[in-house]
Amino acid sequence: MNVSDSEIVASILTDNGYENTPEVTLADIVLVNTCSIRENAEDRVRKRLHYFKSLRKKRPELIIGLLGCMADRTKTALMEEEQLLDLVAGPDSYRHLPQLLAQVGSGQKAIDTILSIDETYADITPVRIDSNGVSAFISIMRGCENYCSYCVVPSTRGQERSRDAGSIVRETRDLYEKGYREVTLLGQNVNSYHWKNGDEVITFAHLLEKVAQVSPMMRIRFATSHPKDISDDLLLAIGRNSNLCKAIHLPVQSGSNHMLGLMNRKYTREDYMDRIQAIRRIIPGCAISTDIITGFCSETEEDHLETLSLMEWVGYDAAYMFKYSERPQTLAADTLKDNVAEEIKERRLTEIIHLQQKLSLDNNRKEIGKTFEILIEGKSKRSDDQYFGRSSQNKVAVFTKTNAVPGDYVHVKISGATSATLLGEVV
Ligand code: 5AD
Ligand code: SF4
647 MNVSDSEIVA SILTDNGYEN TPEVTLADIV LVNTCSIREN AEDRVRKRLH YFKSLRKKRP
707 ELIIGLLGCM ADRTKTALME EEQLLDLVAG PDSYRHLPQL LAQVGSGQKA IDTILSIDET
767 YADITPVRID SNGVSAFISI MRGCENYCSY CVVPSTRGQE RSRDAGSIVR ETRDLYEKGY
827 REVTLLGQNV NSYHWKNGDE VITFAHLLEK VAQVSPMMRI RFATSHPKDI SDDLLLAIGR
887 NSNLCKAIHL PVQSGSNHML GLMNRKYTRE DYMDRIQAIR RIIPGCAIST DIITGFCSET
947 EEDHLETLSL MEWVGYDAAY MFKYSERPQT LAADTLKDNV AEEIKERRLT EIIHLQQKLS
1007 LDNNRKEIGK TFEILIEGKS KRSDDQYFGR SSQNKVAVFT KTNAVPGDYV HVKISGATSA
1067 TLLGEVV
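Per the numbering used here, the sequence shown starts with residue 647, numbered consecutively.
In structure tokens form, the structure reads like this:
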């Protein structure tokens, strides 16, 4: 999400005569795009800002700005008390950046953190930053109204709004013509995508089919799905189109109904299991990944064991796993106690991570002997003689280079596996 936002910012500023530099010490303006989702993300931003402040001591003309989710929440502390910032712009204010920068140029501080009900930056063609030229992100909606009790996003990114479907298809086509072969459609809850085109209502399943038709050679991924909204229609669309990737990220957060209730996730363990069974039935061979929060308010050992048992039952291919971190202006911060001791959170997180490593390794070992179509992304980190790429199931495969180049598809027969990588050779 943040990469996608930075690409929108880069586009707006490039159109206004600014240039991007990869070297921060050469920059006249440093804009830090931020995320508030967990406290350690905020801590890292603060550290970076102190580093930029030290650069500003040597070069007083350096402009330092804060963008994104932290903008509104922390503007007083970071701008007025700590004197770290000249400019603050929230996630819906990027179009105003040229004016805000001009304001700073004339010696004033500039702040705009007003959230919008309709800004989707639909007409802005993002400037791809750090791109491998093969895969890109496309933002299809903004905001979220699910109000999961632990989550700061509804308060930092505002109301949910979907982007014009035609502009999403055009952006995909444009990327295809530039040589890209994979796009990931991004939103906080893509399953509730909804766009009205005259009398036609375009749901996420319709959107996926439209995007899939751009070219059979263009792979389509998406994130993130909410278990309460992932419909059979969507799964059937994925089953019908070979370029809609066979990988679904379905954050479960917890395996305990008590925790799911307190988290305001609006589904039960049983509902979630029903959706997993639907995925297995409708899209055989589909990889499933998840997000898990451990140590949420009043989580007991039994709740924790329920999370572990659900992980085993699903047999996730991958997971992002977090300790609960209380965020201000959330339902949980206002109404629940963050009362699981830090050591317990840590121990439970370690158990979850170990289990996931085992599940990932077991799943990857099952792929040995099979052949996958791999989209080559680039040179492997370990060796210049090897490429890496991904299967439709989003598994990374490393293999000896052939004449093929990044952006090509090759068939790779898997001969070995670690918990993170498949190893093989082109056949
Ligand atoms: N503490 C820990 N993890 C969180 N996430 C969201 N909010 C919090 C929080 N307060 C995790 C969820 C979500 C992912 C993007 O971040 O698992 O799915
Ligand atoms: Fe946060 Fe829940 Fe919305 Fe995801 S669905 S962004 S976890 S409120």
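No residue lacks a Cβ here, since even glycine has one placed at the ideal position from N, Cα and C.
Quick caveat: nothing in here was measured; it's all calculated off a predicted structure.
### Task
Output the residue ranges of the alpha helix (DSSP H) runs that lie fully inside the region 663-729 and measure 4 residues or longer, sorted by chain position.
685-704 and 716-721
### Buried/exposed call for Asn686, threshold 16 Cβ in 10 Å
exposed
### Query
For Met863, does the count of other Cβ atoms within 10 angstroms reach 16, so buried, or fall short, so exposed?
That one is exposed.
### Query
By Cβ distance below 7 angstroms, which residues in the same chain neighbour Asp878 in space, the five residues on each side in sequence not counted?
Within the same chain, Ala924 and Ile928 come within 7 angstroms of Asp878 by CB-CB distance, once the 5 residues on both sides are set aside.
### Task
Give the DSSP-derived three-state secondary structure of Ile760 in the structure shown.
coil
### Message
In the DSSP output, what is Trp841 paired with across the bridge?
### Response
Ile848
### Query
Do the region 699-714 and the region 724-739 touch if we need at least three Cβ pairs shorter than 8 angstroms?
yes
#### Entry: Any non-hydrogen atom of the ligand 5AD closer than 7 angstroms to Pro706 Cβ
no
### Task
Can you have a look at Glu806 and say buried or exposed, based on whether 16 or more other CB atoms are within 10 angstroms of its CB?
buried
### Query
Whose C-beta lies closer than 6 angstroms to the C-beta of Asp1054 among residues of the same chain, with five residues either side of it excluded?
Ile1022
### Query
Regarding Ile939 and the ligand 5AD, is the C-beta to nearest heavy atom distance less than 7 angstroms?
Flag set: Cβ of Ile939 near the ligand 5AD.
### Task
Answer yes or no: the CB of Tyr623 versus the heavy atoms of the ligand SF4, is any distance below 7 angstroms?
There is simply no residue 623 to check, as the chain begins at 647 and stops at 1073 in what is shown.
#### Entry: Runs of beta strand (DSSP E) wholly within the region 834-922 (minimum 3 residues, chain order)
840-843, 846-849, 865-869 and 893-895
### For Tyr822, three-class secondary structure by DSSP
helix
### Task
Report the three-state DSSP secondary structure of Glu958 (helix, strand or coil).
helix
### Query
Under the three-state reduction of DSSP, which class applies to Arg815: helix, strand or coil?
Looking at the sequence itself, residue 815 is Val, so the reference to Arg does not match. In the displayed model, Val815 falls within a helix according to three-state DSSP.
### Task
Give every residue of the same chain whose Cβ lies closer than 6 angstroms to the Cβ of Ser762, excluding the five residues on either side of it in the sequence, and list them in chain order.
Asp738
### Message
Residues around the ligand SF4, please: the condition is that the C-beta lies closer than 6 angstroms to some non-hydrogen atom of it.
### Response
Cys790, Asn792, Tyr793, Cys794, Cys797, Val799, Pro800, Gln834, Asn835 and His872
### Query
If we ignore side chains and look at the alpha-carbon of each, how far apart do Met647 and Gly804 end up?
14 angstroms
### Task
Look at Thr940 and Ile1014 and say whether their C-beta atoms are less than 8 angstroms apart.
no
### Query
Would Val1058 pass as a contact of Val1072 if the rule is Cβ separation under 8 angstroms?
yes
### Message
Using a Cβ-Cβ cutoff of less than 7 angstroms, which residues in the same chain neighbour Glu688 once the five nearest sequence positions on both sides are dropped?
### Response
Ser682 and Met716
### Task
Can you have a look at Tyr796 and say buried or exposed, based on whether 16 or more other CB atoms are within 10 angstroms of its CB?
buried
### Message
Out of Asn1049, Ile938 and Ala987, which one is the CA nearest neighbour of Leu1001?
### Response
That would be Ile938, whose Cα lies nearest to the Cα of Leu1001.
### Message
Is Phe968 close to the ligand 5AD? I mean its beta-carbon at under 7 angstroms from any heavy atom of the ligand.
### Response
yes
### Query
Would Ser1006 be called buried (16 or more neighbouring beta carbons within 10 Å of its own) or exposed?
buried
#### Entry: Residue of Ile866, Val678 and Val860 minimising C-alpha distance to Lys721
Val678
### Query
How should Ala748 be labelled, buried or exposed, when 16 other C-beta atoms within 10 angstroms of its C-beta is the threshold for buried?
exposed
### Task
Using 10 angstroms around the beta-carbon of Asn1049, count the other beta-carbons present and answer buried if the total reaches 16, otherwise exposed.
Around the beta carbon of Asn1049, fewer than 16 other beta carbons sit within 10 angstroms, so the residue counts as exposed.
#### Entry: DSSP bridge partner residues for Asp937 (one or two, in chain order)
Tyr966
### Message
Given a cut-off of 8 angstroms on the beta-carbon distance, is the pair Cys943 and Leu906 in contact?
### Response
no
### Reference Thr759, options Thr936, Thr766 and Thr802, closest by Cα
Thr802
### Task
Name the one or two DSSP bridge partners that Gly1035 has.
Ile1022 and Ala1043
### Query
If Ile658 and Arg741 are in contact, beta carbons under 8 angstroms, what's the gap, nearest whole angstrom?
6 angstroms
### Query
Out of Asp651, Lys912, His950 and Gly961, which has the shortest C-alpha to C-alpha gap to Glu992?
His950
### Query
Is the region 772-787 in contact with the region 749-758, if contact means three or more CB pairs nearer than 8 angstroms?
no
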